[in-house]
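> If you want this note's numbering, it's the position in the sequence shown, counting the first as 1, plus 9. Beta carbons are placed, not taken as given, at the ideal position from N, Cα and C, and that holds for glycine. Bear in mind that the values here come from a model prediction, so they are computed numbers and not experimental data.
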Amino acid sequence: MSDRTSSRRSFLAATGSVAGAAALAGCSGGGGTETEADETTSGGGSTETEPEETPTATEAETPSSGGTLNRINTGTVTTFDPIAATDTASGRVIRNVFDTLMIYENATTTAVSQLATDFEVSEDFTTYTFTLAEDATFSNGDPVTASDVVYSWERLAQSNNSSRAYFILSSIGVTHETEETDDGSQYKPDTLGLEAVDEKTLKMELSAPFHATIQMMAYTSFAPIPEGTLGDIEGYDGEMDYEEFATSNPIGAGPFTLEQYSSGTEVKVSARDDHYRGGAELDGVHWQVLEKSQPRYNYAMNKNADLFSIPTTFYEPGKVNVERTDSAGRMLGTYGPVRNGETVNYVGTPTIDAFYIGFNMEKVPKPVRQAFAYVANQELFINEVFKGRGQAAYHFMPPSTYPGGAKEYTNHAESEYPYGVGEAQQEKAVQVMEEAGYGPDNRFEVQFTQYQSDSWKQMAQILRDRLSSAYIDMNIEQAPFSSLLSRGRNGKLEAYTLGWIADWPAPDNFLQLLNPPQTDTSLSAPISYINWGTEGADSDVAQKAADAYETVTNNQAPTEEDQQARNEAYVTIAEANWEDVGFLPIYHSISENFWYDTVQNFTPPGGMGLSRTQWDDAGVDR
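1) Which two residues bound the contiguous alpha helix (DSSP H) that contains Ile-223?
2) For Glu-59, I'd like the list of residues in its chain whose CB is within less than 8 Å of its CB, leaving aside the five on either flank, ordered along the chain.
3) Starting from the Cα of Asp-96, find the closest Cα among Tyr-324, Gly-84 and Phe-265 and give me that residue.
4) What are the boundary residues of the alpha helix (DSSP H) that Ser-156 is part of?
5) Helix, strand or coil for Tyr-324 per DSSP?
6) Which class does Met-617 belong to by DSSP, given the choice of helix, strand or coil?
7) Using 8 Å as the threshold, is the segment 539-559 in touch with the segment 369-378, meaning 3 or more CB pairs across them?
8) For Ala-488, I'd like the list of residues in its chain whose CB is within less than 6 Å of its CB, leaving aside the five on either flank, ordered along the chain.
9) Please classify Glu-601 as buried or exposed, where buried requires at least 16 other C-beta atoms within 10 Å of its C-beta.
10) For Lys-375, which beta-bridge partners are listed by DSSP?
11) For the beta strand (DSSP E) containing Gln-123, name the first residue and the last one.
12) Using three-state DSSP, classify Ala-309 as helix, strand or coil.
13) Could you give the distance in angstroms between the alpha-carbon of Phe-317 and the alpha-carbon of Phe-89?
14) Are the CB atoms of Ile-103 and Ala-116 within a distance shorter than 8 Å?
15) State the CB to CB distance for the pair Val-294 and Gly-273, rounded to an integer number of angstroms; the pair is presumed to be in contact (CB under 8 Å).
16) Would you mind listing the alpha helix (DSSP H) stretches within the segment 217-290 that are 4+ residues and don't spill past its ends, in chain order?
17) Is the distance from the Cβ of Tyr-359 to the Cβ of Ile-599 below 8 Å?
18) Since Ile-181 contacts Leu-215 with CB under 8 Å, what's their CB separation in whole angstroms?
19) Given a cut-off of 8 Å on the beta-carbon distance, is the pair Met-406 and Pro-514 in contact?
20) To which residues of the same chain is Lys-212 closer than 6 Å at the C-beta, ignoring the five residues directly before and after it?
21) Within 10 angstroms of the Cβ of Glu-444, are there 16 or more other Cβ atoms? Answer buried if so, exposed if not.
22) So, helix, strand or coil for Tyr-355, using DSSP?
23) Let me know if Gly-287 comes out buried or exposed under the rule of 16 or more other beta-carbons within 10 Å of its beta-carbon.
24) What number of angstroms, rounded off, separates the C-alpha of Trp-604 from the C-alpha of Arg-398?
25) Buried or exposed: which applies to Gln-633, given that a residue is buried once 16 or more other Cβ atoms fall within 10 Å of its Cβ?
26) Alpha carbon to alpha carbon, what distance is there between Asp-450 and Gln-400?
27) Might you give, ordered along the chain, the residues of its own chain that have their beta carbon closer than 8 Å to the beta carbon of Glu-268, omitting 5 neighbours on each side?
28) CA-CA distance, Lys-209 and Asp-192?
29) According to DSSP, is Val-590 helix, strand or coil?
30) Can you give me the C-alpha to C-alpha distance between Tyr-251 and Asp-474, rounded to a whole angstrom?
31) Please report the Cβ distance between Ser-156 and Glu-243, rounded to the nearest whole angstrom; I am assuming they are in contact, meaning their Cβ atoms lie under 8 Å.
32) Grab the span of the alpha helix (DSSP H) containing Arg-496 for me, first residue to last.
33) Please report the residue range of the beta strand (DSSP E) in which Val-298 lies.
34) So, is Gly-261 buried or exposed, given that buried needs 16 or more other C-beta atoms within 10 angstroms?
35) Give the range of the alpha helix (DSSP H) segment to which Arg-101 is assigned.
36) Hey, could you find the ends of the beta strand (DSSP E) Leu-472 is sitting in?
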């Protein structure tokens, strides 16, 4: 199977701020993808929990109409094509230009109707019928039809430009045929189980139930474009050059259109007057591209940005004043005074993500991996390295997605985590190494590779010092994000730092990275780089995890019975990871956002993050 159809590589570079990810990648709006550092990340919530409370909008109930919202984009936009984008920088803009059938309401984990005004699901959960909004149009004036959706999803499955084919072919599992090619089994074009029943009715057939189907419909990869716009799939010559569409003229059904784009410099979108949902209060949104921490902070302090993040280097925890915490865990209040003397508005939101240390098990023996876990103190790292901007992680599943929620997450960790909660166990690290035959004259040398981040470097130095007395010599290196990923895919890493942000808010989206068959770096598209269960890293524990993940795969219906089977399997995988230490979880981030009073009627985002916000309700008053 090709990278295009099998890859689910959704990595966040484990970097600077715990709340930190300046997006190089983010699955078009924060979904499970490669990301850089030092901006507050977004995520959070669970499809199995009660709907999150929608926080009260700040400032005026009725915003001042018009005005441009000024923001900072922490990475360069790479594309405006929804099926091609794998970076958060691009996703922030794409979310504003394109509508999807469903949307995460106020960036919470509750998926509500957008282009789809209604939907029906068959009793066996394999047939979905969507009704599209009657008056929805694209920015070129064409009506949005079911045929447009069929064409767009065919692009998602078939186009060489698609980075998310597995979303529709594997994750949701829309019925389709395959054919044998020189590259193995591939999707057979034009065989998707989709039907435009009429102009406004779409029918979708799944090969088996999938519990997060509706949530996946909120992902921007599923955003429709007018049928025939591009000629990158069979049967279409294309009405527009692909480069034009992807870089200067994206046509979507969202509330904004692209007005200005300068690669590496700035992006601006303008509000549509003819949008079917009534249009935005704003005239537009402008993003200045600033990748480094100091320029970003200066830009915000000079009031060139209305809403912004504060890099960890300049963040002072004592200046946060939390006035209330809502039922979804969002902390609302003020921060300041900042450098310019202003006290700004503040929200901190628990996110659906996990940052971790990964181990190539073929190169790093189990006793060494366990020693890492024994000397790590996640609470210390959060408080002293990352300035309190996150939650200590003991599971790869974020707390809100853990079976039973955050309380059960904590209970399970406190009762079962073998390496110490809130403490380092130096003596046990020495003991496990000595029992394996290591000692003063037989030390183990390991290469520790991380993203270029001062915060993570500080944490690495703490680990290095503690591991030294356990007969481990740890060499620290920093690598560009792209190099880190490339080396990981090729099996060239030993110990490394990365992270994951949700494609959809459920445990299996995370635990696929701990499914041993998908961790083999000899494959063309490993999901993670730990080689769990491969030659030289085989174990009975790996088989236990693989069997549990198969249970997840075989029990995907949105029923209580299947959910219970999945929940038990999730915990089995988590405990298997503890035993073999493929991933050493470090933290779950808290997305922190700051804004001046110029921003009116701003509803703080829920757990799916600010990059999932469309900005059609906010206003600006200067």
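Let's see:
1) Unbroken alpha helix (DSSP H) run through Ile-223: 222-225.
2) Here Glu-59 scores only 29 on pLDDT, less than 50, and its place in the model should not be relied on; the value that follows carries that caveat. Close CB contacts of Glu-59 within its chain, under the 8 Å cut and outside five residues either way in sequence, are absent.
3) Checking every option, the nearest Cα to that of Asp-96 belongs to Gly-84.
4) Counting along the chain, the alpha helix (DSSP H) containing Ser-156 begins and ends at 155-167.
5) It is coil, neither helix nor strand.
6) In the structure shown, Met-617 sits in coil (DSSP, three-state: anything other than H, G, I, E or B).
7) Because the criterion of three Cβ pairs below 8 Å is met, the segment 539-559 and the segment 369-378 touch.
8) Thr-458.
9) Classification for Glu-601: buried.
10) Its beta-bridge partners do not exist; DSSP assigns none.
11) First-last for Gln-123: undefined, no H or E at that position.
12) Helix at Ala-309.
13) Between Phe-317 and Phe-89, the C-alpha separation is close to 22 Å.
14) No, they are not a contact pair.
15) So it is not a contact: roughly 18 Å between Cβ atoms.
16) For the segment 217-290, whole alpha helix (DSSP H) runs of length 4 or above, ordered along the chain, are 222-225 and 251-256.
17) Per the sequence shown, residue 359 should be read as Pro rather than Tyr. In contact: Pro-359 and Ile-599 (Cβ atoms closer than 8 Å).
18) Correct: roughly 6 Å between the Cβ atoms.
19) Cβ atoms of Met-406 and Pro-514: not closer than 8 Å.
20) Cβ contact annotation for Lys-212 (same chain, cutoff 6 Å, sequence separation greater than five): Thr-138, Glu-204 and Val-206, in chain order.
21) Looking at its Cβ environment, which holds fewer than 16 other Cβ atoms inside 10 Å, Glu-444 is exposed.
22) In the structure shown, Tyr-355 falls within a strand segment according to DSSP collapsed to helix, strand and coil.
23) Looking at its Cβ environment, which holds fewer than 16 other Cβ atoms inside 10 Å, Gly-287 is exposed.
24) Across the structure, Trp-604 and Arg-398 are spaced so that their CA atoms are roughly 18 Å apart.
25) With the chain covering only 10 through 631, there is no way to say anything about residue 633.
26) Within the model, the alpha-carbon separation for Gln-400 versus Asp-450 is close to 38 Å.
27) Taking C-beta separations shorter than 8 Å and ignoring five residues to either side along the sequence, the partners of Glu-268 in its chain run Lys-277, Val-278, Ser-279 and Gly-293, following chain order.
28) In this structure, the CA atom of Lys-209 is about 37 Å from the CA atom of Asp-192.
29) Residue state, collapsed to three classes: coil.
30) If you take the alpha carbons of Tyr-251 and Asp-474, they lie about 52 Å apart.
31) Contact doesn't hold; Cβ gap of about 16 Å is too wide.
32) Per DSSP, the unbroken alpha helix (DSSP H) holding Arg-496 starts and ends at 490-498.
33) For Val-298, the enclosing beta strand (DSSP E) stretches over residues 293-298.
34) Note on Gly-261: 16 or more other CB atoms within 10 angstroms of its CB, so buried under the neighbour-count rule.
35) Unbroken alpha helix (DSSP H) run through Arg-101: 97-106.
36) No beta strand (DSSP E) holds Leu-472; the alpha helix (DSSP H) holding it covers 463-477.
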